[in-house]
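Residue numbers (the numbering used here), protein chains in the order written: chain A, 32 to 561; chain B, 18 to 312.
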């Protein structure tokens, strides 16, 4: 064998083991890294996802859904909602409402303790509610108690206590209102109405206790073994903070999350997948998605033009195609689940798709070729929808210019009434039609208080107020119905749909329930069966 | 630094949007909004706000977050090691991979390997991080189940974001290394070295690498400096609790103390990394020594 050939072979022979060793080393590193620690799951804990870090868990300050859904598991109020959206006792054993609808007297359960061991008494409710109204707390939720007698004087520092919060004895608490307000009891199911101890405001009475909060990473709740009612069936809950939807879906598919809300992008995939389709739970939300129009200035100060916009857009088709039927068509601003009345056919004028009629009205009003600015957030889904609406309105004779803004700037612009049109949704704080009428259409609530269409109608104002004051349900529903019919007719906004959310659970998760209001999920029924 | 604080403060204030509106929810009374604004100090004029902020900085304080009420400096200190680990891991992958590929391509200039390296590096530069992140997650997490898709923790959590972050850096390094090495290989001193009978390993390590090191170190310094400011997209997709995600959340919520704190930290880190790079030049290339003795 020539020497050169031998050398080549030798070199070749030397290289092969080196490559093999390198490859072996590479895979050894990869596998050792990938298996260097066992699964991080805590046994007996259920894993949920949050898309953002909760701002705070102080009931007086919470305004975000993440914070409120966790607080519901850590704290309790006087009353809560059951599965049928009825008000049932929580810490209050029973209550009485005076005939004039002004006094609410609550009789508290005995033996309910905060997690620091002290028993809950009536004075704790007085303290907790006054804390919300105290100007030092800077609570954005003072509106929850703004119907209570003496709240203004207390907030201004004129009075040392709120006259309307009265401790009758250790276990009896009374609230007196300035005027009858029918949704008041519903409002007491909200986060700001939870009770906290004066000596340690982080400690609640809830089904769970906050064990650990790693900012931007996870929150761990542990079962409260001293809970006054039936205890949770899981040892605890871990909330993983995962901002990205697709990452959350991947975590779920790997079994690292037990329940996720299906993002629109993953809905079709899961629905078609046999493994998951049967595990999808739908939840009809208490919400309304709508196209708002600034009713206080040209051009949408014309009710006829607003009605033309309503005629011009085929909402049903958009819901079926673009929105993949992930909602129910809206007849008006009040969600179907809260509307306890029928809308008269003649009041629904303007709520059906009729492009010919839309063009006629626009022509008659001399507004053909009119230009309008539509403000939307920069979310791709919303921008896509805005383009669909833009094309419908262009066909009708309205040229819409879409302006995208980041959420904070968007809200600021809407509050100032800068937008001609805008896309927004409203979700229930409490299950009462009033929540979809008073903040959104009463003329006292322009801008940040909710009425961003700047709609003002004295008759609608009067009817909404009458509904708030009505002492019986029949009258209340009549006033609300009449108010809603006026609003539908005057169309300060086009109500598109009530969104239905879809969640998917792992096979080992049993008893998981979804609720239309985030504060309703106390984490009571969910259990793990492997 | 003073200039940066002034520019950052001015730009943040020029942004549309109101931090209080994001904070108070949907039904807050206007008087509550005003009182919160007053407490935050955002109702004052620009100069008074800026002077107040400088005063805070002088006391070594970045202020507290409008949303979480947490100390911004403490949060930054808490998150910085995560960002440092991610940046370091990304460079640990990018530098050997990029430099090796660049060397190979330069030695096989205009050959098949060179074309392949060119195509791969071009792809590495052009593919957006959010896409490569998703692909890597689907393949290595969902299909092969090798690494967790998200979270902050031990080395297992670090691999995917570090890999994704390293791709564009490796691609840049490969291209720079290839061009520089190819130029050096044409130099007469390389022929001299070959003529002297030096081994190709010796030539590569001593003569080529030593002369190519300056542009490589420059790129490493720039990439490392920018990664230390946080990789927003990578950190968000992989749920990595670093400065990038923290900054992004601050921007979205108009949390001015967080944004300013992150900008100031980022600037300081970037300046520091560049300073270290400049000092490294001094040792790596005698020609750019500032105080070289006159011959």
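Glycine residues also receive a C-beta, built at the ideal position from the N, C-alpha and C atoms. In this text the structure is predicted, and so the values were computed from the model without any measurement.
Just measuring C-alpha positions, the residue of 373/A, 264/A, 90/A and 75/A sitting nearest residue 516/A is 373/A.
A distance below 6 Å between beta-carbons, with the five flanking residues on each side excluded, links residue 513/A to the following residues of its chain, in chain order: 494. If you look at residue 242/A, you'll find it in the beta strand (DSSP E) that goes 239-245.
Nearest Cα to residue 364/A within the set 496/A, 73/A and 472/A: 472/A.
Only 46, 47, 48, 49, 50, 52, 53 and 56 from the stretch 46-60 of chain B bring a Cβ to less than 9 Å from some Cβ of chain A. In terms of beta-carbon proximity, residue 282/B stays away from the interface with chain A, with every pair separated by 7 Å or more. For residue 299/B, the enclosing alpha helix (DSSP H) starts and ends at 273-301. The three-state reading of DSSP puts residue 97/B in helix, counting H, G and I together. Residue 123/A: member of the beta strand (DSSP E) spanning 123-128, first to last residue. For residue 84/B, there is no enclosing beta strand (DSSP E), as DSSP marks it with neither H nor E.
Contact between the stretch 283-290 of chain A and the stretch 521-533 of chain A is absent, with fewer than three C-beta pairs closer than 8 Å. Taking every protein chain shown into account, the CB of residue 205/B has fewer than 16 other CB atoms within 10 angstroms, so this residue is exposed. Linking residue 408/A to residue 224/B through their CA atoms gives a straight-line distance of about 57 Å. Nearest Cα to residue 281/B within the set 60/B, 71/B, 66/B and 152/B: 71/B. Per the C-alpha coordinates, the member of 138/A, 265/A, 353/A and 236/A positioned closest to residue 78/A is 265/A. DSSP, reduced to helix, strand and coil, places residue 360/A within a strand of the structure shown. When DSSP assignments are scanned along the stretch 383-459 of chain A, the uninterrupted stretches of alpha helix (DSSP H) that are 4 or more residues long and fall wholly within it turn out to be 386-395, 411-427 and 438-446.
With contacts defined as CB atoms closer than 7 Å, residue 527/A and residue 361/A qualify as a contacting pair. Within chain B, no residue has its CB atom less than 9 Å from the CB of residue 126/A, the nearest being about 25 Å off.
The DSSP assignment places complete beta strand (DSSP E) segments of no fewer than 3 residues inside the stretch 324-372 of chain A at 358-360, in order along the chain. Segment contact: the stretch 176-188 of chain B against the stretch 102-112 of chain B, three or more CB-CB distances shorter than 8 Å; contact assigned. When secondary structure is reduced to three states using DSSP, residue 511/A falls in the helix class. Taking CB atoms only, residue 284/A has a neighbour in chain B less than 7 Å away.
DSSP places residue 462/A in no beta strand (DSSP E); its state is neither H nor E.
Contact annotation: in the stretch 186-220 of chain A, residues whose CB is within less than 9 Å of a CB in chain B are 186.
Measuring C-alpha to C-alpha distances from residue 134/A to each of 97/A, 178/A and 117/A identifies 178/A as the nearest. Only 166, 169, 170, 171, 172, 173, 174 and 177 from the stretch 161-179 of chain A bring a Cβ to less than 8 Å from some Cβ of chain B. At a cut-off of 7 Å between beta-carbon atoms, residue 131/B makes no contact with chain A. Identification of chain A residues near residue 84/B by a Cβ-Cβ cut-off of 7 Å yields 86, ordered along the chain. Neighbours of residue 481/A in chain B, taken as residues whose beta carbon is under 7 Å from its own, are 43 and 44 in chain order. Per DSSP, reduced to three states, the secondary structure at residue 175/B is helical.
Beta-bridge partners of residue 249/A (DSSP): 245/A and 271/A. In this structure residue 172/A is buried. Its beta-carbon is surrounded by 16 or more other beta-carbon atoms within 10 angstroms. Interface flag for residue 492/A against chain B is unset, since no Cβ pair is found closer than 7 Å.
Residue contact check for residue 108/B against chain A: no CB pair falls below 7 Å. Contact of residue 318/A with chain B is not assigned, every C-beta pair being separated by 7 Å or more.
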